[in-house]
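Q: Numbering (UniProt numbering), first residue to last: 1 to 860. For glycine and all other residues, C-beta sits at the position ideal for the given N, C-alpha and C. A quick note: this is a predicted structure, and the numbers were derived from the prediction, not measured. This is the structure I want to talk about, given as structure tokens.
Have a look at this one:
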């Protein structure tokens, strides 16, 4: 059913009847790829009321509507099983929820406002058969009295539709009811036959089994409830963040500069310039005192000489500041480039639980990567040199003052400088606390912006534009309110640092005048000491004018170094010693032979809970053996742990208990990069990147790093054109690519949105095959394909999987009926295991799932 999704896009974007807002509040859309926003489950569902007459209802009434919508979408039961129920926090990526669970929440959001028109673009594609049947029944119920347009590849979801339209190459080729189209024996009948699973099933008992199945709750197959509770605060279960105040500014700067030893030349020149530039101020104090004496004696030649000295100092200062600015910026730009790359690199190498934390949304991480190295660069390029120069000025001027007259020098130094330094220190502490809180708030606000841009279609379809802007504005108001609240206290100390120099002048004139009047000090002595202390106090005041820059840099240093410490398992060192599966460790086949055979995978007593919900076990004693070169399929209810098994095999997470073995070696002992080099993953929601189709497919060869090693990465040998073409042929996407005007150079657009879901998925499959993996992980790899495309791609995957181990997660059972073994997962463990025929003969859970997907009972 090609081009069907385009019909939905036209219905939601090009109509202008009564305006877009009116249209989109009366027409609700469930996209092919569910999009949830950061927040609680309740907040995500209640967004569906925005712009409707129910938007202003009381909280209790909204809760009732949300609960009813979730029950209709068959989401209420699994939500109630969560420790925090409807208050459960969903991270931006929703990693702790299965694809089917996310889809049901999206359906609930779409029907909560009781819209007049409902557009369903593969709304039930991510649901297991049992849940799909009940959700479909619920959708049929809510369809009464409203118009529904349903896009579906899984034909069981549209068999009861009033009119079914078969679209091919942008044209409607057939239309009619299910029975009418079956009777014609045309394109629709062929699609039904391709999805039929009931062959070999005893149809005499079909109706009895179906009747019994109505009473079987899909939740019985889902994750079992756990006792106890987790904190309602999303951050509480996210794991402890690092201490942002571990490193002081000086300590952190010295640590960073020690890492940049190759920059010792610009650093040395910068330090020399700071010493010379700071030393000119006490020299000016001496020259100014001597000039005043020359005025008293009317010595013209002496005055000319001193004027020349001022000129020399001015010229010297210009040279010093030129080289200071030049070399400090060279130093700063180099350091910024290094640490911007390092922050990005260290971010990508974090474990998945790092990205699951609410504070680490996409926007927050982008904000950190952009701002933290920039804060460090700003400090090093101008602020640190000026701070160092003023520090030299402070010390040298104080020394000159005390050396010329210790009485007046000590009185002025001890009377003014401690107050300046103390007030400045308190101000820096206040600035640090404010900047630390503001950085978190700004990062959160950035997360709102990025989420809005990435989910713009969902936001537009729900008419949430004003709501999202309001959320962003609320975040900014919080920052402004906090800044204004702390302003008075901070300005008190700022005013003190700016006025103490005048107090020093008053004290200097009073006490210095007494010393001069008694003859203890000469006027030259007095002016030398007085001007030196004035320069010194001004330097102390200037030091703390950079408090904001210093606090931002300190936060940046602690974030950069803290991010490095947070790396759960860095493969740089592991890869130096560890080997990929099939290499060493008792395997004598050699690397060449290992590349031609699959990986033997075994899960032994695996238990796992997501970090955000540590008391909610997803896997409970999972036992699974996958022999080398065989294909094992995982089927079961949404949320039962199928995709979690794939995540553990990919080492996105490590099990809480039990072991995951690859070729007899525990995967914890294998370097992540080398281990993943032998894997190809196709996820339920395909992810493509900005660039051409060629670029996206070629990324699949990125794991085959060869050549010299660099820190945190390996030099990679790009795939050849022939390898890219071979991968596309294996995924059966080559003919489609060749038919495009730009061929391989066709841009995919942001997130691959220039292509349909059915086009993105084969490209993702080609990318996975491009690296010639020994282990294929397919998480609903063909969920976005129509029946004919699915059959072709399944044949391509079967050919590609030859000699490889494959683990496939599937709800559409027709895609796995030929697997070597099918494991039915329930309550986080394997409930049934066998081939398709064996499991059907047992008439257990798998048999019920087969019955729910059989379409040809009438046709038979």
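State the CB to CB distance for the pair residue 287 and residue 263, rounded to an integer number of angstroms; the pair is presumed to be in contact (CB under 8 angstroms).
A: The pair is not a contact, with the Cβ atoms about 35 angstroms apart (cut-off 8 angstroms).
Q: Name the DSSP beta bridge partners of residue 362, please?
A: Answer is none; residue 362 lacks a bridge partner.
Q: Using DSSP with H/G/I as helix, E/B as strand and the rest coil, what is residue 520?
A: Three-state DSSP puts residue 520 in coil, outside helix and strand.
Q: What three-state label does DSSP hand residue 164 in the structure shown?
A: If DSSP states are grouped into helix, strand and coil, residue 164 belongs with the strands.
Q: Please work out which residues of its chain come closer than 7 angstroms, Cβ to Cβ, to residue 475, disregarding the five sequence neighbours upstream and downstream, and give them in chain order.
A: If we look at residue 475 and ignore the five residues flanking it on each side, its Cβ neighbours are 441, 444, 445, 448.
Q: Taking the alpha-carbon positions, what's the residue 538 to residue 544 distance?
A: Looking at the two C-alpha atoms, the distance is approximately 10 angstroms.
Q: My understanding is that residue 44 touches residue 36, with C-beta atoms under 8 angstroms, so please give their C-beta distance in whole angstroms.
A: Rounded, the Cβ-Cβ distance is 5 angstroms, consistent with contact.
Q: Does residue 843 come out as helix, strand or coil in the three-state DSSP assignment?
A: Residue 843: coil per DSSP, three-state reduction.
Q: By a C-beta neighbour count over all protein chains shown, 10 Å radius and 16 as the cutoff for buried, is residue 740 buried or exposed?
A: Result: exposed.
Q: How many Å lie between residue 51 and residue 779 at the Cα?
A: Taking the straight line joining both Cα atoms gives about 36 angstroms.
Q: With H, G and I counted as helix, E and B as strand and the rest as coil, what does DSSP make of residue 336?
A: Correct three-state label for residue 336: helix.
Q: Looking at C-alpha atoms only, which residue of 468, 32, 807, 112 is the closest neighbour of residue 53?
A: The candidate whose alpha carbon is nearest that of residue 53 is 112.
Q: By Cβ distance below 6 angstroms, which residues in the same chain neighbour residue 496 in space, the five residues on each side in sequence not counted?
A: Excluding positions up to five away in sequence, the list reads 423.
Q: Suppose contacts are defined by Cβ-Cβ distances below 7 angstroms. Is residue 845 in contact with residue 767 by that definition?
A: Contact flag unset, no.
Q: What are the partner residues of residue 747, as DSSP defines its beta bridges?
A: Beta-bridge pairing links residue 747 to 692.
Q: Could you spell out the range, first to last residue, of the alpha helix (DSSP H) harbouring residue 396?
A: Note, residue 396: alpha helix (DSSP H), 384-404.
Q: Taking only the alpha-carbon atoms, compute the straight-line gap between residue 290 and residue 477 and give it to the nearest angstrom.
A: Roughly 56 angstroms between the two C-alpha positions.
Q: If we ignore side chains and look at the alpha-carbon of each, how far apart do residue 192 and residue 159 end up?
A: Rounded to whole angstroms, residue 192 to residue 159 spans 10 angstroms at the Cα level.
Q: Let me check understanding here. Comparing Cα to Cα, which of 123, 840, 548 lies closest to residue 249?
A: When each option's Cα is compared against that of residue 249, the closest is 548.
Q: Using 6 angstroms as the cut-off, classify the Cβ of residue 289 as near or not near the heavy atoms of the ligand NAP, replying yes or no.
A: With respect to the ligand NAP, the structure offers nothing, as it holds no ligand at all.
Q: Of all the options 161, 374, 70, 761, which has the alpha carbon lying nearest to the alpha carbon of residue 107?
A: It is 70 whose Cα lies nearest to the Cα of residue 107.
Q: By Cβ distance below 6 angstroms, which residues in the same chain neighbour residue 379 in space, the five residues on each side in sequence not counted?
A: For residue 379, where only same-chain residues beyond five positions count, the Cβ hits under 6 angstroms are 549, 553.
Q: If we require 4 or more residues per run, which alpha helix (DSSP H) segments fall completely within the stretch 547-571?
A: With a minimum length of 4 residues, the continuous alpha helix (DSSP H) runs that stay inside the stretch 547-571 are 547-565.
Q: Spatial neighbours of residue 559 within its chain, please: CB distance less than 6 angstroms, with the 5 preceding and 5 following residues excluded, ordered by chain position.
A: For residue 559, where only same-chain residues beyond five positions count, the Cβ hits under 6 angstroms are 372.
Q: Let me check one thing: in DSSP terms, what residues is residue 728 bridge-paired to?
A: Answer by DSSP bridge pairing: none, since residue 728 is not bridged.
Q: Under the three-state reduction of DSSP, which class applies to residue 121: helix, strand or coil?
A: Note: residue 121 maps to strand in three-state DSSP.
Q: On a Cα-Cα basis, can you pick out the residue from 557, 517, 394 that is closest to residue 375?
A: Among 557, 517, 394, the Cα nearest to that of residue 375 belongs to 557.
Q: Got a sec, what are the start and stop residues for the beta strand (DSSP E) residue 172 sits in?
A: It spans 171-176 - the beta strand (DSSP E) in which residue 172 sits, taken as one unbroken run.
Q: With respect to the beta strand (DSSP E) encompassing residue 829, which residues constitute its N-terminal and C-terminal limits?
A: Segment 829-834, the beta strand (DSSP E) holding residue 829.
Q: How do the stretch 758-772 and the stretch 727-741 stand: do at least 3 beta-carbon pairs fall below 8 angstroms, yes or no?
A: At 8 angstroms Cβ cutoff, the stretches touch.
Q: On the three-pair Cβ rule with 8 angstroms, is the stretch 637-656 touching the stretch 347-354?
A: Touching, per the Cβ criterion.
Q: Which partner residues does residue 657 have in the DSSP bridge list?
A: Residue 657 is bridged to 607.
Q: Identify the continuous alpha helix (DSSP H) that holds residue 623 and give its terminal residues.
A: Not the alpha helix (DSSP H): residue 623 falls in the beta strand (DSSP E), residues 617-626.
Q: Residue ranges of each alpha helix (DSSP H) run of no fewer than 4 residues wholly in the stretch 24-61, ordered along the chain?
A: List check, alpha helix (DSSP H) in window: 41-46.
Q: In whole angstroms, what separates the C-alpha of residue 840 from that of residue 83?
A: When rounded, the distance between both Cα atoms is 36 angstroms.
Q: Classify residue 180 as buried or exposed, calling it buried when 16 or more other Cβ atoms lie within 10 Å of its own Cβ.
A: Exposed, by the Cβ-count rule.
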